[in-house]
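Data block below; observations after.
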Amino acid sequence: MSDSDSRTRLTWLLLALLATLSLVLGTLILNGARSNWGPIDHPEFPTMQRSGWSWETDDLLLAGVWLVGTLQIAVYLCLLGLGLAGRKGLGPLRIPLLLGGLLHAGIFAWMILAHVFPIAPSLWSFPPPTVVMVFLLWILPPFYFVILYVVAFDRWILNHESRRRFRELLHSRRGKGSG
Amino acid sequence: MDSSRSSVILVFVGLYMGMCVAVGLWALSRTRSTRDFFMAGRDLGIWVTGLAVFSSTMSGFGFVGGPGLVYRMGMTSVWMVMSIPLGYVLCFALLAKRIRLLAELREPVSLPDAVAARYGSEGCRFLAAIAILLGVMGYLATQILAMATVLRDLVAGAGLGDFSMEACVAFSCAVLVFYCVTGGIIASVYTDLVQGLVMVAAAVLVFLATANVAPGGWSGIVSSLATDDPGSMSPWGTMGAFQGLSWYLLFILGVSGQPHVVTKMMMNRRIEDAKYILPVSALGYAVSALLWISIGLAMRALVIQGIHPELPGADSAAPQFLAHYVPPVLAGIVFAALFAAIMSTADGFLNIGAAAVVHDIPRALRGRSLRDELFWARTATVIIAAAASVFALYSGDLVAILGAFGWGTFAAALVPVVAVGLNWKRATALAAKTAILVSLTINFAFRLFDVQIPWGIDPGAISLVVSLSLFVGISLASPPPVLDPEIDRLMDM
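Put into structure tokens, the structure is as follows:
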């Protein structure tokens, strides 16, 4: 697959994801927030807020949160693919990139499920979903993608062939300049 | 705060500012051309670039506003800091290679220069420069205001007198302007190096200190907060999931549109250093973010447990914590780090603002740069700092509006045009101009009319989704553009 093919496919996918995200957010906005939603003033300390209601009790809203979060992760992955795609598309980076996306989306889904099922331990007294957020979602996806970038850089992102072609481009420009 | 503690803190802040002046003098001899002034001669090493990238992202907001947000709303604002390391990955994937190659090929001295080269359009250059200038004025004014406010409180606390806000703005700006004018971006990035190290050290020490301020350590802090309000310790905090997720989107994608971050990717000595710069930046930010969260949660718990009286405002969380719960020397380091955070962001903005005024706007309007550009760059740096100071002191709510407008505007205006446009040949100049104009309009309208979106969704996220969609949609609907052959070949790499 050529560069323009793979990148154009990715941009079509990006457009589809953005359209879906807009549709979901638009539906939420048009329906308005629930009356019991949102922060309320803290009864004792006016400079603080308290949460208005409990998330654990509303499965439909949790599903909406999961959908928005997963779409955002897909947009992120799509843009990463656009940046990492070389002349011949994503090539061997496709699988590790997809695995990274699955890891990211999987941890996010775990965090959502932890609202309903006790499937995470309680560390430092954080509730289970927050444990997944602080100790997994915050750390693992960036760590994975940073390692992927470092490992893939010389082999794929800026390989020997790209450097050679860039040197040729520079020489031809300098040749034109001096000529 | 007692006066001896304030004096210790002032000594540290004074030492730090003295270091900035010294770096400015050192960099003066290394700044001989516009390329040196705006691009550091494209000669920066891994550590300098890596720490400059992260320290310019972590502004004064991260050290004062961030803990205040956690104090006020619990875990919601953690989505902002969680997103930045992922944002760096995206920014490096989209831009580190391509914009650095472009920098070597065409030798741009600013981001709008790169935009003009990519699209072959002076209109795109002009709009990118205007978007940058608007964002810079807002951001810079808020940074100057924050710096002057902290300085005034410190001086008053040390019993050295009650200085006016104008005097504090003048003094803090004088140091900032001195090293930016003498050493340009070279002084800026080398002070960023020190600023980054100070921020990391301060964050680690404060994190360790917070574990001992309340009974039961971190478990005790979190447990008391969850007892008071379980929702505040849920992943969504008090503001709810959609607010948190909209920040997650805006801050992950938005890094790739921050001009003070992206321009630093044109300055490293070797293109292949990008693979080492990314881990340095991501780790530096992740560690310094500990301060944001730990102070916010600790102060909320201390107030709820009745150990500390209620704060006058959420933004007092960090200053009050430092005043009462850490040793004076550590407080001195953290206050120096606070100034470091503010100045490392402000110096980057001064530099890109000066580039927009003396390089990009004249080129877009007259087709050529000013004569003796280096002299005018230095003059513009002084004028922009003075204008931002006046703006900070006398424009009232407009500063806050433009300050809030900054990140979202850069994200919505520049992510499509720069980050996507440099990776996709089908992107057109029409789509780029539309994306910038629409993002400016939406962001300004939302902030100016204080539009509240249901579920707390951030207007910047809406603006980003709209501008990205328009950019991709218009490009796909337009005939493929004819690219400059060199740019065409560069985009194949």
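If you're matching them up, the sequences are chains A and B in order.
Position one of the first sequence corresponds to residue 313 (our numbering), numbered consecutively onward.
Position one of the second sequence corresponds to residue 278 (our numbering), numbered consecutively onward.
Every residue gets a Cβ at the ideal spot worked out from N, C-alpha and C, and that includes glycine.
#1: Is DSSP giving Q535 of chain B helix, strand or coil here?
#2: For the region 347-360 of chain B, which residues have a CB atom closer than 8 Å to at least one CB atom of chain A, in sequence order?
#3: What do you get for A396 of chain B, buried or exposed, if any count of 16 or more other CB atoms within 10 angstroms of its CB means buried?
#4: Count the other CB atoms within 10 Å of the CB of K552 of chain B; is the residue buried (16 or more) or exposed (fewer)?
#5: Which value, in whole angstroms, describes the spacing of the CA atoms of R645 of chain B and I469 of chain A?
#6: In terms of residue numbering, what span does the alpha helix (DSSP H) encompassing S281 of chain B cover?
#7: Should T442 of chain A be flagged as near chain B, meaning a C-beta pair shorter than 7 Å?
#8: Please classify A299 of chain B as buried or exposed, where buried requires at least 16 other C-beta atoms within 10 Å of its C-beta.
#9: Answer with buried or exposed for I459 of chain A, where buried requires no fewer than 16 other C-beta atoms within 10 angstroms of its C-beta.
#10: Can you give the beta carbon distance from I554 of chain B to V483 of chain B, rounded, assuming they're within the 8 Å contact cut?
#11: At a CB-CB cut-off below 8 Å, which residues of chain A make contact with I554 of chain B?
#12: Counting only the same chain and skipping the five closest in sequence on each side, list residues whose C-beta sits under 7 Å from that of S449 of chain B.
#13: Using a Cβ-Cβ cut-off of 7 Å, state whether R766 of chain B counts as contacting chain A.
#14: Would you check if the distance between the CB atom of G609 of chain B and the CB atom of F289 of chain B is smaller than 7 Å?
#15: When the Cα of P736 of chain B is compared with those of B:A722, B:A451, B:L745, which residue comes out closest?
#16: Can you give the Cα-Cα distance for R362 of chain A and L588 of chain B, rounded to whole angstroms?
#17: Starting from Y525 of chain B, find everything on chain A with Cβ-Cβ shorter than 7 Å and list it in chain order.
#18: Using 7 Å as the limit for Cβ to Cβ distance, is T332 of chain A near chain B?
#19: Taking one C-beta from the region 420-430 of chain A and one from the region 367-384 of chain B each time, how about it: are there three or more such pairs within less than 8 Å?
#20: If we ignore side chains and look at the alpha-carbon of each, how far apart do V499 of chain B and L522 of chain B end up?
#21: Verify whether the separation of the beta carbon atoms of T308 of chain B and G460 of chain B is less than 7 Å.
#22: Kindly indicate if chain B contains any beta-carbon less than 7 Å away from that of V380 of chain A.
#23: Would you mind telling me which residues of chain B sit closer than 9 Å to R406 of chain A, beta carbon to beta carbon, in chain order?
#24: Compare the C-alpha of L527 of chain B against each of B:L560, B:P731, B:D761, B:T686 and name the closest.
#25: Step through the CB atoms of chain B and report whether any lies within less than 7 Å of the CB of F420 of chain A.
#26: Step through the CB atoms of chain A and report whether any lies within less than 7 Å of the CB of W590 of chain B.
#27: Whose Cβ in chain B lies nearer than 8 Å to the Cβ of R319 of chain A?
#28: Within 10 Å of its beta-carbon, does G483 of chain A have 16 or more other beta-carbons around it, so buried, or fewer, so exposed?
#29: So, under 8 Å CB-CB, A618 of chain B and L453 of chain B are touching, yes? Tell me the CB distance rounded to an integer number of Å.
#30: Leaving out five residues on either side along the sequence, give the residues of the same chain with a beta carbon under 6 Å from the beta carbon of T468 of chain B.
#31: Could you tell me which of B:V759, B:D430, B:V749, B:A405 sits nearest to D637 of chain B, measuring between CA atoms?
#32: Taking only the alpha-carbon atoms, compute the straight-line gap between R319 of chain B and N545 of chain B and give it to the nearest angstrom.
#33: If the cut-off is 7 Å on Cβ atoms, which residues from the region 556-573 of chain B count as contacting chain A, listed in chain order?
#34: Using the C-alpha atoms, what's the distance from Q472 of chain B back to A613 of chain B?
#35: With 7 Å set as the bound, which would you pick, yes or no: does the beta-carbon of V580 of chain B sit closer than that to a beta-carbon of chain A?
#36: Go through the region 469-495 of chain B residue by residue and report every complete run of the beta strand (DSSP E) that reaches 3 residues or more, in order.
Judging by the given coordinates:
#1: coil
#2: Y348, R349, M350, G351, M352, V355, M359
#3: Correcting the residue type first, residue 396 of chain B is Tyr in the shown sequence and not Ala. Buried is the call here.
#4: buried
#5: 35 Å
#6: 280-305
#7: yes
#8: exposed
#9: exposed
#10: No, I554 of chain B and V483 of chain B are not in contact; Cβ-Cβ is about 26 Å, not under 8 Å.
#11: Those within 8 Å of I554 of chain B in chain A number zero; the least Cβ separation is about 10 Å.
#12: I421, M424, A425, L428
#13: yes
#14: yes
#15: B:A722
#16: 16 Å
#17: Q384
#18: no
#19: no
#20: 22 Å
#21: yes
#22: yes
#23: Under the 9 Å cutoff, chain B gives no residues; its nearest Cβ is about 14 Å from R406 of chain A.
#24: B:T686
#25: no
#26: Sequence inspection shows Gly at residue 590 of chain B; the Trp mentioned does not correspond to that position. At least one chain A Cβ lies under 7 Å of G590 of chain B.
#27: N700, W701, K702, R703
#28: This sequence places His at residue 483 of chain A; Gly is not what is there. The residue in question, H483 of chain A, is exposed, as its Cβ has fewer than 16 Cβ neighbours within 10 Å.
#29: No, A618 of chain B and L453 of chain B are not in contact; Cβ-Cβ is about 13 Å, not under 8 Å.
#30: C297, V300
#31: B:A405
#32: 5 Å
#33: P556, A559
#34: 9 Å
#35: yes
#36: none
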